[in-house]
Each structure stands twice: as structure tokens, then as C-alpha cells.
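Under full-length UniProt numbering, the residue at position 29 of the sequence shown is numbered 29, and the numbers go up by one with no gaps. Where a beta carbon is used, it is the ideal one built from N, C-alpha and C, also for glycine.
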Amino acid sequence: MDNRTAPEDKPVQRSKSFSFKTHREVCSSCEKTVYPMERLVADKLIFHTTCFCCKHCNSKLSLGSYAALQGEFYCKPHFQQLFKSKGNYDEGFGRRQHKELWASKEPEKITKSA
Numbered sequence: 001m002d003n004r005t006a007p008e009d010k011p012v013q014r015s016k017s018f019s020f021k022t023h024r025e026v027c028s029s030c031e032k033t034v035y036p037m038e039r040l041v042a043d044k045l046i047f048h049t050t051c052f053c054c055k056h057c058n059s060k061l062s063l064g065s066y067a068a069l070q071g072e073f074y075c076k077p078h079f080q081q082l083f084k085s086k087g088n089y090d091e092g093f094g095r096r097q098h099k100e101l102w103a104s105k106e107p108e109k110i111t112k113s114a
């Protein structure tokens, strides 16, 4: 006969440091506590469902109706409109164009080895 006891026969021991307190999550928009029932995660950022809005028109967004660019969120119609207005992501969204950064750098001289 086996003298070992079955796992269900042993009393459950809890860690003395065990706590029901969890890490407090904060909304990326309003910086207030987000509770599990109102939690929405988009691009690894946490929001209240009511705080997840288009930067341009402030309409409420859902996970299927948004487009993100450099940490800013837009409804799909305004994302397309802002892109089409200037034809690129930089000017349409109020940022400096990448071609200006390239133009400011002097072209490198190419030397041939003999």
C-alpha cells in the first residue's frame, strides 16, 4: 500500500504575502482608474470605452473603427481625409515632412577605390 497522501487530502496553504489588490490601470486619455468592465486596449494602451475617441472629431471609436498613427487615434473616415488632403502622413497630420529631414543632410561623397 502507498503511504503518500492524495493532493486533495492536504490543507491548502496560502502565501502570507497574498493579496487581492491588483495593479491599478490608468486610462491613457483621462489618466483615471480603469476598471475591468470599462477597459479597452488599443495598440497596447489602456482606455475607458468612453475615452477612446477620434483626435480630429472626438467621436467614440471601437476596436473595429479606428486607425492609429504615432500614438494618436482617428476614425477611419478622418484618417483617410487627413491623408488625402496633403497626400502623405506627415503634412496631413501636422508633422514635418521626412523629405525636409533628408534635404537638410548633405549628400555623402562617393569615392572609388583604385
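Beta-carbon separation (whole angstroms), Ala42 vs Tyr66, contact threshold 8 angstroms: Contact holds; Cβ gap of about 7 angstroms.
Three-state secondary structure assigned by DSSP to Phe78: Reading off the sequence shown, one finds His at residue 78, where the question assumed Phe. Here His78 sits in helix by DSSP.
Coarse secondary structure for Lys84, derived from DSSP in three states: If DSSP states are grouped into helix, strand and coil, Lys84 belongs with the helices.
Residues near Cys27 by beta carbon distance below 6 angstroms, same chain, minus five either side: So the qualifying residues of the chain are Val34, Phe47, His48 and Cys51.
Top-ranked residue by Cα proximity to Lys44, from Lys84, Phe83 and Leu63: Answer by Cα proximity: Leu63.
Expected contact under 8 angstroms - CB spacing of Glu72 and Lys60 to nearest Å: Not quite, the Cβ-Cβ distance comes to about 16 angstroms (not below 8 angstroms), so this is no contact.
Reference Ser29, options Cys53, Pro36 and Met37, closest by Cα: Of Cys53, Pro36 and Met37, the residue nearest in Cα terms is Cys53.
Glu38, DSSP secondary structure in three states: Helix, per DSSP.
Short CB-CB distance (under 8 angstroms) between Ser65 and chain C: No chain C is part of this structure, which consists of one protein chain only.
Beta-carbon contacts of Gln70 that lie in its chain and below 6 angstroms, excluding the five residues immediately before and after: Excluding positions up to five away in sequence, the list is empty.
Three-state secondary structure assigned by DSSP to Thr33: Collapsing the DSSP output to three states places Thr33 in a strand.
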